[in-house]
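Novice: In the numbering used here, the protein residues as written are 64 to 259. Supplied in structure tokens, the structure appears directly below.
What follows is the structure in structure tokens.
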């Protein structure tokens with residue numbers, strides 16, 4: 064894990080994006096491909112929601128999964144950073160994301176043309192006291208761009224007293240699928256709703 068932490072620090076993920084060191088690598092799988100720390104992927108290859116797994120704990124622990132881009136719209140000019148791509152709370156220790164509560168639906172990577180590589184970061188964090196997160200007053204984000212920019216993984220972690228336990232990230236730059244993703248997002252009629 065020390066070599067992973069070293070990579071996370073060299074890519075300014077620790078301590079800039081999260082300020083604690085997770086204890087394991089989060090296993091991310093897009094289709095049949097397992098993602099390793101710092102993989103280079105294409106936006107085309109990550110348009111569908113991945114599966115995750117981690118070293119399970121016995122018991123009733125609950126986890127939150129965060130997927131974020133701190134380089135929006137570019138690493139040199141991150142005025143929209145972080146951009147939230149996916150947020151699921153109350154995931155059981157089986158790592159079955161479908162059993163959790165999806166707060167922000169999955170949106171794949173869409174780095175703008177000419178902005179180089181973006182870092183796409185997955186963080187799995189343990190929830191305190193094995194209890195569901197109180198998300199009353201937060202926004203539920205469907206497949207739409209609204210409410211996702213200027214988000215902060217670290218602020219969310221602190222607000223809900225989460226403990227990061229696993230992490231992974233890949234890098235991707237613009238490809239021909241990005242305009243189609245933007246079109247789908249632009250045509251989406253869905254809007255954020257307040258969680259009650």
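Ideal Cβ placement from N, Cα and C applies to all residues, glycine included. What you are looking at is a predicted structure, and each value in this text was computed from that prediction instead of being measured.
Around the C-beta of residue 239, are 16 or more other C-beta atoms found within 10 angstroms, so that it is buried, or is it exposed?
Specialist: Burial call: exposed.
Novice: When the distance is taken between beta carbons, is residue 185 closer than 9 Å to residue 81?
Specialist: Contact flag unset, no.
Novice: Does the region 95-109 come within contact of the region 149-158, defined as at least 3 CB pairs closer than 8 Å?
Specialist: The answer is no - the region 149-158 does not touch the region 95-109, with fewer than three Cβ pairs under 8 Å.
Novice: Check whether the region 70-77 touches the region 208-215, counting contact only when three or more Cβ pairs, one atom from each stretch, lie closer than 8 Å.
Specialist: Counting Cβ pairs under 8 Å, fewer than three are found: no touch.
Novice: Need the endpoints of the alpha helix (DSSP H) that residue 195 sits in, please.
Specialist: Unbroken run through residue 195: none, as it is neither H nor E.
Novice: Taking C-beta to C-beta, are residue 88 and residue 229 nearer than 9 Å?
Specialist: Cβ atoms of residue 88 and residue 229: closer than 9 Å.
Novice: Measuring only the C-alpha atoms, how far is residue 166 from residue 201?
Specialist: Rounded to the nearest angstrom, the two C-alpha atoms are 9 Å apart.
Novice: So, helix, strand or coil for residue 87, using DSSP?
Specialist: DSSP places residue 87 in strand when its eight states are reduced to three.
Novice: Tell me the DSSP bridge mates of residue 181?
Specialist: Partner(s): 235.
Novice: What did DSSP end up calling residue 103 once you bin it into helix, strand or coil?
Specialist: The answer is strand: DSSP assigns residue 103 an E or B state.
Novice: Could you tell me the boundaries of the alpha helix (DSSP H) in which residue 225 lies?
Specialist: From DSSP, residue 225 is part of no alpha helix (DSSP H); its letter is neither H nor E.
Novice: Would residue 141 and residue 236 be called neighbours here (beta carbons separated by less than 9 Å)?
Specialist: It is not a contact, given that the beta carbons lie outside the stated cut-off.
Novice: Considering Cα atoms alone, identify which of 144, 85, 245 is closest to residue 182.
Specialist: That would be 144, whose Cα lies nearest to the Cα of residue 182.
Novice: Just how far apart, CA to CA, sit residue 101 and residue 158?
Specialist: When rounded, the distance between both Cα atoms is 22 Å.
Novice: Between residue 248 and residue 171, which are expected to be in contact by the criterion C-beta below 8 Å, what is the C-beta distance as a whole number of angstroms?
Specialist: Not a contact, Cβ separation roughly 11 Å.
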